[in-house]
Amino acid sequence: MLSIMVTVPIAALVLGLSVLLWRDGLHQLLWGVPAIVLLLCLAAVYLCRRHVAHLGYGVTELEIISQKGIWWQSRTALPYSRIQHVTLSQGPLERRFGLARIECFSAGSGTAEIEIAGLAEATAEALRSHLLGKAGAQDA
Numbered sequence: 001m002l003s004i005m006v007t008v009p010i011a012a013l014v015l016g017l018s019v020l021l022w023r024d025g026l027h028q029l030l031w032g033v034p035a036i037v038l039l040l041c042l043a044a045v046y047l048c049r050r051h052v053a054h055l056g057y058g059v060t061e062l063e064i065i066s067q068k069g070i071w072w073q074s075r076t077a078l079p080y081s082r083i084q085h086v087t088l089s090q091g092p093l094e095r096r097f098g099l100a101r102i103e104c105f106s107a108g109s110g111t112a113e114i115e116i117a118g119l120a121e122a123t124a125e126a127l128r129s130h131l132l133g134k135a136g137a138q139d140a
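Residue 134 in UniProt numbering sits at position 134 of the sequence shown; the count goes up by one each step and never skips.
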């Protein structure tokens, strides 16, 4: 999702600057390339900071809540009684930096209802154990 939000504005910016450079002539390209690279870097940093600032999760007595989104924000609450299983996963980069991702699945759902990425491994494992314990206690 983030890649689409970053790619579309950056592609539009590059296209617009390319049209300006083409119209003014190729001799302008020498100063235009560093300017484009600088603008792309600034846009990527800005969007990443906004994305991270709008991520969040909370664990309450009855449910887990996840929040995400820069422009279209969503908040999802999943009661412990509906949790079917919880997975902890790591990609190569996440493993390299000691991070993990938690995915909570509910009964009857083929995809994760709540996904929390960027957690420290110890925090992710503790959260997974807590969620499974709460889900098991709700079943009893």
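Think of the CB as a built atom: it goes at the ideal place given N, C-alpha and C, for glycine as much as any other residue.
Boundaries of the alpha helix (DSSP H) harbouring Leu93: 92 to 96, taken from the DSSP string. Pro34 is bridged by DSSP to nothing; it lacks a bridge partner. Gln84: member of the beta strand (DSSP E) spanning 83 to 89, first to last residue. Judged by their CB atoms, Ala117 and Leu99 are nearer to each other than the 9 Å cut-off.
Beta-bridge analysis with DSSP links Ile102 to Leu88, Ile116. For the pair Leu47 and Gly110, the Cα-to-Cα distance works out to about 30 Å. Looking at the DSSP output, Lys68 bridges to Ser74. Put simply, the backbone Cα of Arg128 is about 36 Å away from that of Leu42.
Distance between Ala137 and Ala53, taken at the CA atoms: about 33 Å.
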